[in-house]
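Undergrad:
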Amino acid sequence: MRRKPIDSNKQRVRGRIRVVRFVTFLLFLVLLSRLFYWQIIEGESLRAVAESQYVSIMKSFGSRGKILTSDGYPLVTNQDVYTIFVEPKDLKISSTELSKILSPYLAQSTLAQESTDEAGLKIMQNEWEDTIHQRLASNLQWISLKKKLPRNIKEEIEKLKISGVGFDREEMRYYPESSMSAQLLGFVGSDARGEEQGYFGIEGYFDRELRGKTGVIKQEKDAAGLPIAIGEFDFIHSRNGRDITLTIRRDLQYMLEEKLKAGMEKYGSVTAEAVIMDPKTGEILAMASFPSYDPLFYYKFDQQNYKQPLASDLYEPGSTMKILTVAAGIDAGVIEPDTVCDTCSGPREISGYTIKTWNNEYNPNSTVTEGLIHSDNTVMIFVAEKLPIPTFVDYLQKFGLDTKTNIELQEEATAPFREKWKELDIATASFGQGIAINGMQMLQVAQVIANDGELVKPRLVKEVIEDGKKAIETKTEVVRQVIKEETAEKVTSMMEQSALHGDAQWAVPKGYRIAGKTGTAQIPVAGHYDEEKTVASFVGFAPAENPRFVMLVKLREPQSSQWGSETAAPLWFEIAKELFIRLQISPDHSER
Amino acid sequence: MTDFIFRDQQVSVMRQMYVLFTVISLIALVIVNIFISGRMVSTGTEMRSIERAQVQLELEQKSLQAKLAEKQSLQHIKEEAKQLGYIPVSSVLHARQDVSVALR
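Here's what the structure looks like:
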């Protein structure tokens, strides 16, 4: 009887223990589920929050590669510029005061960028005062005031020690020779995402090579935000873009641009273009055209000026094409330089069209050489007619008139090559009409003749440099043997005669053997040729016995005279005189 | 009996020694920790200042390179030459190797 209370006590205790166990188990379960929630479900975001407190992540940007001339001088490099911003919460002066302090500096920077005169400074200063005031009126945490602030102005503002004003560094292109070679270089703008993008010229063609790569540095920091030496450190290196060394010779480029500008003014042409190439290696030594633009302020210029016209503009070459016709005829063995033309006593009737000479004068029984000297269309038709149509077309293709020259310019364009050639097409093509090519293709024709009949690929890039070391070196690329060496020699001699006895003989520098040909092509306008508007050109090379350069000069719509012999040819010879000095070519006194 | 008393005293001394050693070790560890932390902090400051100096030097170098390129530009050289009184060459004479220059 006395045992019962003890048993009931025990049972009560056991019951309590069970309850405690159950509650403990429940608590443990709750704890586990909570741990699961924090560790597994929220773990990732919490780790990120914690990491953001003790790890600093910094982005580093690789610089865009430089573009250098063959002597290593930077035609395009980078300069540091700054974005000035304001953090209103840290400002200790009023927005009115701040705008009064900053406006003279920002106006000064705008003045330098937009080349405005001093008179505009005061107006600009007032404008900036209003702009700063307006921007600071917004409730943003971070307000950008001006981009592309030069370093000197940034340093001047920094000296004022205005709390709440800061700077972000970025890079922009810098052109030490200002607008020299603008169309050759292209420019850097922004793409749809606002990232740097090269357009046209070398910048466009080699955009991927030139681009720098962004890097990331992840570093553990202490409470003061300073890096911990033995802390976690992880990085992906930023990488500078590759530098590109061009084949361009700076002295020749400068001289060519000066001469071309003067020539354009002298002859009153709408455009002026010229290119100089080493015929043996295909290296472009200089290349220029006008009107041009300033790549730093490209947005202020007509978009028409962005492209390098020697590669992008198609034109009918006119009489300069005659060197190809005679080369094809001689190479195919159907004519010789002294072959007499028996169909040249008057205008030619072909497929119902009458074809005349440029001056409507005819020289019966003239030789092919004389035909080239007098730029006689009927003689060229005579040569072309001697060749079967497919053979002539084959020569056009072998000279590369059906494909791009593949020069390293983004904008190179070619006309679609005719699939079916009729008698009239061949006749007009023989003297450079009814066929459209770009300037580089015309230069290539002369290069073949200057280089013993061998076509080499024109190139603008000498080498690509990565981290100060040569990564790629370009080499002379022989495309094909277009004509026989003997043919090239004969045509060279004929071109020499053409330069020496042609209409531009008065301008030929004494003591040098020059092979060349003038061209005057009418411009097709709305289905007919404009009588007044012409493209005057001269293509040639020198010295004829051992060509060191081949050059094309092209003037569009010259006003002083429409003829190539009176405009482009004298300009060509003037440039050639400078080249003889700069390339150290001494005169040959055994003149022909 | 005296043996027991002597052993108890020995154990007590040993215990005191252990406690003392532990306390001294802990103090030493704290000092080392403070020293290392101090070093780390100063190294961090040093690292930051070196990083800043590196960035500054790189900026300086870039700025100087730009200035150098500007001074070497042909446009600048032309202007400088003009100021110094140089004029373009009007005629170029070539000397031939096969003809003696000093005839007498």
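Those sequence lines, one after another, are chains A and B. Residues in the first sequence are numbered consecutively from 854, following our numbering. Residues in the second sequence are numbered consecutively from 16, following our numbering. Beta carbons: idealized from backbone N, C-alpha and C, even for Gly. All values derive from a computational prediction rather than experimental measurement.
1. Mind checking the stretch 1054-1083 of chain A against chain B and listing, in chain order, the residues whose C-beta falls within less than 8 Å of any C-beta there?
2. I need the boundaries of the alpha helix (DSSP H) containing LEU1408 (chain A), first residue and last residue.
3. At which residue ranges does the stretch 1124-1170 of chain A contain complete beta strand (DSSP E) runs of 3 or more residues, listed in the order of the chain?
4. GLU1431 (chain A) CB to nearest chain B CB: under 8 Å?
5. What residues of chain B sit near ARG1103 (chain A), judged by a beta carbon separation below 7 Å?
6. Any chance the stretch 1168-1182 of chain A sits against the stretch 1343-1354 of chain A, with 3 or more Cβ pairs inside 8 Å?
7. Would you call PHE21 (chain B) buried or exposed, if buried means 16 or more other Cβ atoms sit within 10 Å of its Cβ?
8. Measuring straight from C-alpha to C-alpha, what distance separates THR1124 (chain A) and ALA1422 (chain A)?
9. If distances are taken between C-alpha atoms only, which option among A:SER1034, A:LEU884, A:SER909 and A:ALA990 comes closest to LEU1313 (chain A)?
10. Determine the closest residue to SER78 (chain B) out of A:PRO1029, A:THR1134 and A:ALA1324, with distance taken between C-alpha atoms.
11. Using a Cβ-Cβ cut-off of less than 7 Å, list which residues of the stretch 49-76 of chain B approach chain A; keep chain order.
12. Roughly how far, in whole angstroms, is the beta-carbon of ILE1367 (chain A) from the beta-carbon of ALA1389 (chain A), given that I think they are within contact range, below 8 Å?
13. Name the chain A residues whose beta carbon is nearer than 8 Å to that of GLU85 (chain B)?
14. What does the Cβ neighbour count give for THR1258 (chain A), buried or exposed, with the cut at 16 atoms within 10 Å?
15. Helix, strand or coil, according to DSSP, for HIS986 (chain A) in the structure here?
16. Any Cβ of chain A within less than 8 Å of the Cβ of SER78 (chain B)?
17. Taking all protein chains shown into account, do 16 or more other C-beta atoms lie within 10 angstroms of the C-beta of MET1347 (chain A), making it buried, or fewer, making it exposed?
18. Assuming ALA1115 (chain A) and ASN1291 (chain A) form a contact by the criterion Cβ under 8 Å, report the distance between their Cβ atoms to the nearest whole angstrom.
19. Alpha carbon to alpha carbon, how far is LYS1160 (chain A) from GLU1056 (chain A)?
20. For GLU1326 (chain A), I'd like the list of residues in its chain whose CB is within less than 7 Å of its CB, leaving aside the five on either flank, ordered along the chain.
21. Could you check the C-alpha separation between LYS1239 (chain A) and GLU85 (chain B) for me, to the nearest Å?
22. Could you give the uninterrupted runs of the beta strand (DSSP E) lying entirely in the stretch 883-940 of chain A, keeping only those of 3 residues or more?
23. Applying the 10 Å Cβ sphere with the 16-neighbour rule, what's the burial state of VAL1361 (chain A)?
24. How would you list, in chain order, the residues of chain A whose beta-carbon sits under 9 Å from the beta-carbon of VAL107 (chain B)?
25. Identify each residue in the stretch 924-937 of chain A for which the Cβ-Cβ distance to at least one residue of chain B is less than 8 Å, and report them in chain order.
26. In this structure, does DSSP put ARG1312 (chain A) in helix, strand or coil?
27. Tell me the residue span of the beta strand (DSSP E) that contains LEU1099 (chain A).
28. Check the C-beta distance from LYS1175 (chain A) over to SER1091 (chain A) and give it rounded, since I have them as a contact under 8 Å.
29. Measuring only between beta-carbons, confirm whether PRO1217 (chain A) sits less than 8 Å from chain B.
30. Scan the stretch 987-1018 of chain A for residues whose Cβ lies nearer than 8 Å to a Cβ of chain B and list them as they occur along the chain.
31. Spell out whether any CB of chain B is found under 8 Å from the CB atom of SER909 (chain A).
32. Going by the DSSP bridge assignment, what does PHE1020 (chain A) pair with across the sheet?
33. What is the rounded straight-line gap between the Cα of PRO1080 (chain A) and the Cα of GLU1073 (chain A)?
34. For a test of your reading of the model: does the CB of VAL1041 (chain A) fall under 7 Å from any non-hydrogen atom of the ligand ATP? Yes or no.
35. State yes or no: is the C-beta of GLU1024 (chain A) within less than 8 Å of the C-beta of ARG1095 (chain A)?
36. Please report whether the beta-carbon of TYR1159 (chain A) lies at a distance below 8 Å from any beta-carbon of chain B.
TA: According to the structure data:
1. LYS1074, ASP1075, ALA1077, LEU1079, PRO1080, ILE1081, ALA1082 and ILE1083
2. Note, LEU1408 (chain A): premise wrong, no alpha helix (DSSP H); beta strand (DSSP E) at 1402-1409.
3. DSSP runs (the beta strand (DSSP E)) wholly in the stretch 1124-1170 of chain A: 1124-1130 and 1137-1143.
4. no
5. LEU89
6. Touching, per the Cβ criterion.
7. exposed
8. Their Cα atoms are separated by approximately 15 Å.
9. A:SER1034
10. A:PRO1029
11. MET55, VAL56, THR58, GLY59, THR60, MET62, ARG63 and LEU74
12. The C-beta separation of ILE1367 (chain A) from ALA1389 (chain A) comes to about 18 Å, leaving the pair out of contact by the 8 Å criterion.
13. PRO1029
14. That one is buried.
15. Three-state DSSP puts HIS986 (chain A) in a helix.
16. yes
17. Buried, since its Cβ has 16 or more Cβ neighbours within 10 Å.
18. Actually they are not in contact, since the Cβ atoms of ALA1115 (chain A) and ASN1291 (chain A) sit about 25 Å apart, beyond 8 Å.
19. Those two C-alpha atoms are separated by around 12 Å.
20. Correct list, in chain order: GLU1316.
21. 59 Å
22. Counting whole runs of 3 or more residues, the stretch 883-940 of chain A contains the beta strand (DSSP E) stretches 908-913 and 927-939.
23. buried
24. LYS1430, PHE1433 and ILE1434
25. TYR926, PRO927, THR930, ASN931, GLN932 and ASP933
26. strand
27. 1096-1099
28. By a beta-carbon distance limit of 8 Å, LYS1175 (chain A) does not contact SER1091 (chain A). Their separation comes to about 56 Å.
29. no
30. ARG1004
31. no
32. A:ILE937
33. Distance between the alpha carbons of PRO1080 (chain A) and GLU1073 (chain A) is about 6 Å.
34. With respect to the ligand ATP, the structure offers nothing, as it holds no ligand at all.
35. The answer is no: Cβ separation not under 8 Å.
36. no
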